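The opening residue of the sequence shown carries number 180 in our numbering; numbering runs sequentially from there. All C-beta atoms, glycine included, are put in the ideal place defined by N, C-alpha and C. In this text the structure is predicted, and so the values were computed from the model without any measurement. Reading through the structure tokens given below for one structure.
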Amino acid sequence: MTSLEGKVALVTGASRGIGAAVARQLAAHGALLGLASRAGDDLGIEGAVARPTDVRDRAQLAALADETVARHGGLDIVVANAGVGAYGPFLDLDAELADEMMDVNAKGVINTAAATVPHLIARGAGDFVSVASEAGRRGLPFEAVYCASKFAQVGFTRALDHELRPQGIRCTNVCPGGVATDFAMDEGRGRTPEMPELPGMMSAEDVADAVLFVLTRPRNHRILEVAFRPMTETSWG
């Protein structure tokens, strides 16, 4: 197991849910952090660089990456986690929600890479972890546009692996099934606190553990994809 002590990590979507769990897990293992979220929350983590950041805006991401590098001396890890969701029949999906999912989930990870990968290359090694979804590995009913956005995210990260491996950078898709957070809980997005599926779902900390596992593997190999689901969730193939 490779230590994260003194490593510098940038996490997007870091103010709540999976992003916050990942940030706390990395900090607990000695990483220095840059935290991107719309709220700009530093989660009370000592020394963390945090600023309000919309992943749809590449300039905002670049500013946070530059500030993180300036304070901590470089960048070793990027966890592209920011995401939004909306569920329901495709023909009932509001066009603005469809656009938001494509912009945040697909374009957001591209913008994150554009702002951070040059710093990983400058370091001579690193990890780019994309927190995607099982919805990025197979089509699912009532998730058509969400699946499309996550398929794009998964495909982008797989392609990036080919380009960056020769430069010592590992690229990994982490693809969880159902996770019990407030994701997509806003009105009209398809999830409610009363959903009977929620108690059987995984926790944000479960996903953070998977990210930690990926990041702490010896540098002589890389993990391309981690896919996992709660025991209560049907296997689709």
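Review point. First and last residue of the alpha helix (DSSP H) that includes T247?
Key: The residue you call residue 247 lines up with position 68 of the sequence shown. Segment 237 to 251, the alpha helix (DSSP H) holding T247.
Review point. Can you tell me whether DSSP reads V324 as helix, strand or coil?
Key: Along the sequence shown, one-based indexing puts residue 324 at 145. It is helical.
Review point. Quick one: is D150 buried, meaning 16 or more other Cβ sit within 10 Å of its Cβ, or exposed?
Key: As displayed, the chain neither begins before 180 nor continues past 416, which places residue 150 out of reach and without an answer.
Point to revise | Cα-Cα separation between V308 and M410, rounded to whole angstroms | key: The residue given as residue 308 occupies position 129 in the sequence shown. The residue given as residue 410 occupies position 231 in the sequence shown. Approximately 24 Å between the Cα atoms of the pair.
Point to revise | Under 8 Å between C-beta atoms of F321 and P372 | key: Indexing the sequence shown from 1 puts residue 321 at position 142. Indexing the sequence shown from 1 puts residue 372 at position 193. The beta carbons of F321 and P372 sit no closer together than 8 Å.
**Study point:** Beta-carbon gap between D255 and R302 smaller than 8 Å
**Key:** Locating residue 255 in the sequence shown gives position 76, counting from the first residue. Locating residue 302 in the sequence shown gives position 123, counting from the first residue. Yes.
Point to revise | Residue range of the beta strand (DSSP E) that includes G305 | key: Position 126 of the sequence shown, counted from the first residue, corresponds to residue 305. Element bounds for G305: 305 to 310.
Point to revise | Nearest residue (CA-CA) to V228, options V234, E246, R235, A218 | key: What you label residue 228 is simply residue 49 of the sequence shown in a count that begins at 1. When only C-alpha atoms are compared, the closest one is E246.
Check your understanding: Distance, Cα to Cα, A293 vs L377?
Key -> Taking the sequence shown and counting its residues from 1, the one referred to as residue 293 is at position 114. Taking the sequence shown and counting its residues from 1, the one referred to as residue 377 is at position 198. The alpha-carbon atoms of A293 and L377 are separated by roughly 35 Å.
**Study point:** Contact under 8 Å by Cβ, C354 with R316
**Key:** As a position in the sequence shown, residue 354 is number 175, starting the count at 1. As a position in the sequence shown, residue 316 is number 137, starting the count at 1. Result yes, Cβ atoms of C354 and R316 sit closer than 8 Å.
Exercise for review: Please determine, among D233, T232, A188, A261, the residue with the shortest C-alpha to C-alpha distance to I224.
Suggested key: As a position in the sequence shown, residue 224 is number 45, starting the count at 1. Of all alpha-carbon atoms in D233, T232, A188, A261, the one lying nearest the alpha-carbon of I224 is that of A188.
Point to revise | 6 Å Cβ shell around F330 - same chain, five flanking residues per side excluded | key: Mapped onto the sequence shown, residue 330 falls at position 151. Excluding positions up to five away in sequence, the list reads G315.
Practice item. Assign Q346 to one of two classes, buried (16 or more other C-beta atoms within 10 Å of its C-beta) or exposed (fewer than that). Key: Counting from 1 along the sequence shown, the entry for residue 346 is found at position 167. It is exposed - the Cβ of Q346 has fewer than 16 other Cβ atoms within 10 Å.
Review point. Alpha carbon to alpha carbon, how far is A199 from G192?
Key: Counting from 1 along the sequence shown, the entry for residue 199 is found at position 20. Counting from 1 along the sequence shown, the entry for residue 192 is found at position 13. Cα to Cα, the separation comes out at about 8 Å.
Point to revise | Proximity winner among R398, V324, V310, D388, relative to A304 (alpha-carbon distances) | key: Locating residue 304 in the sequence shown gives position 125, where the first residue counts as 1. Considering only alpha carbons, the answer is R398.
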